[in-house]
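Take a look at the structure below.
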Amino acid sequence: MTLLLVGLGFCLLGVLTSALPRTYRVPVTASCAALGCALAFCAAMRVLVTGDTVSFHTTLILPLNGFAMTLDPLGALFIVATALVGFASCVYCIGYVRGELQSRSAMGLFVAFILSLLAVPAASSIATLMLFWELMAVSSMLLIVVEHRHRREARDAALWYGVMTQLGAASILLGLLLLTLRGGGQTFTEIKSHADALSPIVRSSAFMLVLLGFASKAGAVPLHVWLPKAHPEAPSPVSAMMSSSMVAMGVYGIIRVGDDLLHGGTVWWWIAVVALGTLSALYGALHATTSTDIKRLLAYSTIDILGLVLIGVGAAGALRDTGHPAVAQLALMAALLLVVAHAGFKGALFLGAGAVERATGTRDLDQLGGLIHRMPVTTTIFALSACSIMAVPTLSGFSSEWLLLQGLLHGFTDASTPTLIALLVGIVALALTGGLTAVAFVKALGIGFLGQARTLGAVNATEVAPTMQIAMALLGAVSIVLGLVPGLVVPLINRAAQSGLSRSTMSPLARGTGLVLAQLRGAIQPAFLFVGAAAVLVAVWLINRRLVHRSARRVDAWGCGRDVQTARMQYTATSFGEPLQRVFADVLRPQSDVELTHVAESRYYEQSLKYQNQVSDAVEQFGYRPVIDAVLRGGKAARRIQNGSIHRYLAFGFVALLVVLVVLA
Amino acid sequence: MTSSFTATLAYSMPASALQIVLVALGGPLLLGLMAKIRARAEGRVGAPISQPLKDIRKLLSKERLHARHASVVLPLAPIVILAATAVAIGIAPLITTHPALGASADILVIVYLLLTGSVAGALAGLDTGTAFGGMGASRAMTIGALAEPALLVAVIALSIQAGTSNLPAIVSSTLAHPNWVSGPSRLLALVALVIVIIAETGRLPVDNPATHLELTMIHEAMILEYAGPELALVTLGGAMRLGLLFSLVANLFFPWGIGSNGSLVGLLVGVLALALKTSVIAVGVSLIEIHSAKLRLFRLPELLAGAFVMSVLAVITGLVTR
């Protein structure tokens, strides 16, 4: 515990050092925060390895209720994921920071954001949790508007995010307060001991309120609208933290309250979680295939992956009391492994997107191209992480999706009908998102990094600073480790899942470097598969070398007889995603416009052709806009009574007085 | 431990190597057979069945040509395609139910190894920086994205019956329970899988492998810039993919003949049985091809959605009737 507190202390020191003069500010602050992350990582790893729960309580910081922190394996796992990305983001910052993020307030907020993310999973009372939760919300909201001078969209995004996150926080607070009705105490231990005494209605409504808040933080559809706006607008290290760590806090909250504090509750809670997860996975994956802004694409894919995580969490909750505790634990382990894997690859992808933005000045895939020739390191790491998210075997995305499939598949044996349907829907979602994710990331990689450069910005791009490369490589390595030898982290994840389900059953996975189900049939050995693939590669290379003596000659590509192949003739991200956009037009609701102007002399020749295509968020357009419009209309209507006439105001006062008198009489 | 290790060394590893060699030779032969049947149906003599193998050999000795703007992805992709497909073939239960790494031969591994191959091909198409490469990549990925879930869910229907998603285990338990084969769940899954393999291997009515018009191409457009040895590897990879998918359908729905006891005779019988079964499927697929015209690109989702619905129905009937 001391280690974690010292770590948090270093982060706090980082907040203070952000007041230093410009020359020292960034390196000193980022180093303090990186050191804090490293210490928090060690503290959390110790808890995960030994399985001991440590706590800390003081009344010095929050005088009335006390400040309570407990580090158990479940929270420790989320701290490990956060600390990894936090450390990398801080290292990245040293090379990245220029312009707005360099300012005193922005650096301070960035470190405060990391501090809050490290502290949320360790908070063990309502007051402590809400303190850090709000610190996380406020600091991240302000970080979104850091670059608002250059990008007007940032203001809109911050407003959406601020409103949604505050509504969510209010919902969480209300739900947690409902839980204190019986016992009165606000620490998690007290809530846990009195949870069974609460009436089922109170428990269910509390869980639903809390779920609403946490699911909105996790970006679950239809509460996701802030996410694709906010994540792209924040500076890239902040986006990386938000996307790989902050959204995971929503998942943490659901597991903590539903599984730990309320001991599982009823099956339909978890079916609701699976339903949210399925919606998010499909919706996120679909939108990722049509997005052309690289960071927006990544944000939608975050919704997709978090949806899969929620499916795992929901399946674990639905199966925990059905005589399949091992399968429930398996599903929860899959969800947790996916959280850690996602932190690795999504962190690297966002940092990579930031490197591209820094080097070319744009995030629009249609303006990029050919970066593999100019930014080989960034391209390699981006490609590796993209392969991981596409679930290429022997990388981390594959290990976690395999585990998730096993959790869903083995739950089928004698589950109740509602659970069965939920599991089936989960499997279908997993299958559908696989292909869609591949389309999205082939597009990001192929259009953005391969081919010919489409604009001057892409032509003049150069490789980014070494610290940025190191940071990206660090997160890329997570994909390789979790992919090749996932068995190494299985004991740790098993501990976290056990503490989440508050049970100590046997691990559903056997020991070893691969993932091997202990009692059930199913296994993957990614390391062996890799060796097999390497053997084939060596064989192909030997044969190929014998057959091919000459090096390759460069020739022009086939242009149907035309000599010149310009960069503008290439397929763009928009055209790449167009077939799927057309197939799923009912869900995506694309708005396309063709404007054709003819020459005055003849209708057979056109003067100009204008084509517009836009895919906006259908949920926002048809779910949120009407509500916002109604509120605005109400506001406008109310404004009519204030026309500035003093006589009217006096009349209002008089009428009000009369009404009061009548009511009192 | 030692005995299982020696068994792996003496039986499973040679068997897996044999599977890879067999499919590497057999896949092109299946292509040749299908071309021959089509030619005969059209009243032509047609090229000999071994023509694709000869083509590959010829291409291997040609000069290497790379498109001007291509990067390292272009020469790397064929190797990745070949390696991913070969590993999938090596671990899948094709001529024996005990291949090397058979414990890792999960459906998800096979499906995602095939997806890895598709991704590598699509990236190579985009790497050339031309309109056709991108067009082919976009179309191939779209069809793949719609076909892959149907493939996965169809095989999951079988794995629910067997209680595992491990392919050798599914094949073994089908051998032990012959009555499973005629169940409604299997039949639905079979229809779904046949549609999927037609889409995944780029046959009519999804894609026309013999087309010469760039605008109608899917797979051919994607690999338009390949020439010489690299084209040979891509073609070989495609043929091996076809061989693997045909063999998987054969063994999942009609596993008899596969070597299951670890003897050499069983292995030889397995080879013959696999050759026979895949030839029958090849004849069936070419009959479908002869009698169908290429579908419009935007009609394909309906076909693939049909396959997907059928595979979901297969899972549901499997759950209801178990």
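Line order of the protein sequences matches chains F and Z. If you count by our numbering, then the first sequence holds residues 13 to 677, one letter each, in order. If you count by our numbering, then the second sequence holds residues 906 to 1227, one letter each, in order. We put the CB at the ideal spot given by N, CA and C, even for glycine.
Residue burial annotation: Z/S921 is buried, with at least 16 other C-beta atoms found within 10 angstroms of its C-beta. If you check each beta-carbon in the stretch 1063-1086 of chain Z against every beta-carbon of chain F, the ones closer than 8 Å belong to S1064, I1065, G1068, T1069, S1070, N1071 and A1074. DSSP lists F/M81 as the beta-bridge partner residues of F/A135. Our two residues, F/P247 and F/E159, have alpha carbons roughly 8 Å apart in a direct line. Under the three-state reduction of DSSP output, F/A31 falls in the coil class, being neither helix nor strand. For F/G534, the residues of chain Z that pass the 8 Å Cβ criterion are D1011, T1069, S1070 and N1071, in the order they occur in the chain. With 16 or more neighbouring CB atoms inside 10 Å of its own CB, F/I384 falls in the buried class. Between F/W145 and F/W238 the beta-carbon gap is near 16 Å, outside 8 Å, which marks them as no contact.
Z/A1052 and Z/V1101 have their C-alpha atoms spaced approximately 6 Å apart.
Three or more beta-carbon pairs drawn from the stretch 346-363 of chain F and the stretch 497-507 of chain F are found closer than 8 Å, and the two stretches are therefore classed as touching. Residue environment: F/C49 is assigned as buried (16 or more neighbouring CB atoms within 10 Å of its CB, all protein chains considered). Fully enclosed alpha helix (DSSP H) runs of no fewer than 4 residues occupy 956-965 and 978-996 of the stretch 953-1008 of chain Z, in order along the chain. Assignment of F/Q619 by DSSP, reduced to helix, strand and coil, places it in the strand class. Taking all protein chains shown into account, F/C44 has 16 or more neighbouring C-beta atoms within 10 Å of its C-beta and is therefore buried. Look at the beta carbons and you see the stretch 50-68 of chain F not touching the stretch 25-41 of chain F: under three pairs across the two are nearer than 8 Å.
Note on Z/N1166: under 16 other CB atoms within 10 angstroms of its CB, so exposed under the neighbour-count rule.
Within the stretch 452-538 of chain F, complete alpha helix (DSSP H) segments of at least 4 residues are found at 468-471, 478-496 and 502-512, given in chain order. Beta bridge pairing from DSSP links F/Q603 with F/Q626.
In the structure shown, the three-state DSSP call for F/F68 is strand. For the stretch 1200-1211 of chain Z, the beta-carbon criterion of a distance under 8 Å to any beta-carbon of chain F is satisfied by L1202, F1203 and P1206.
For Z/Y1017, the C-beta contacts it makes with chain F under 7 Å involve A403, V404, P405 and F410, in order along the chain. For Z/V992, the chain F residues whose Cβ falls inside 8 Å of its Cβ are L541, G544, A545 and V548, in order along the chain. Taking a beta-carbon distance threshold of 8 Å, F/V552 counts as an interface residue toward chain Z. For the stretch 1032-1049 of chain Z, the set of residues with a beta-carbon nearer than 8 Å to any beta-carbon of chain F comprises D1032, T1033, G1034, T1035, A1036, F1037, G1038, G1039, M1040, A1042, S1043, R1044, M1046, T1047 and G1049, in chain order. With respect to chain F, the C-beta atom of Z/S976 has a partner C-beta closer than 8 Å. Per DSSP, F/V567 is one residue of the beta strand (DSSP E) stretching across R565 to V567. Against Z/V1220, the close residues of chain F are L436 and I439, in the order they occur along the chain (beta-carbon pairs closer than 8 Å). For F/A441, the CB contacts under 8 Å within the same chain, skipping 5 residues up- and downstream, are G289, T290, A293, L294, G319, L320 and I323 in chain order. Interface criterion met: the Cβ of Z/T1021 is under 8 Å from a Cβ in chain F.
A residue is called buried when at least 16 other Cβ atoms come within 10 angstroms of its Cβ; F/H422 meets this threshold and is buried.
F/G187 does not reach chain Z, its nearest Cβ partner there being about 35 Å away, counting only Cβ pairs nearer than 9 Å. Near chain F, meaning a CB-to-CB distance below 9 Å, no residue of the stretch 1170-1181 of chain Z qualifies.
By the rule that beta-carbons nearer than 8 Å mark a contact, F/D316 does not touch chain Z. Counted as a single uninterrupted DSSP element, the alpha helix (DSSP H) harbouring F/V259 occupies residues V259 to I266.
Taking a contact as a CB-CB distance under 8 Å, the pair F/S251 and F/K307 counts as one, their CB atoms being some 6 Å apart. Straight across, the Cα-Cα distance linking Z/L1224 with Z/P1134 is about 48 Å.
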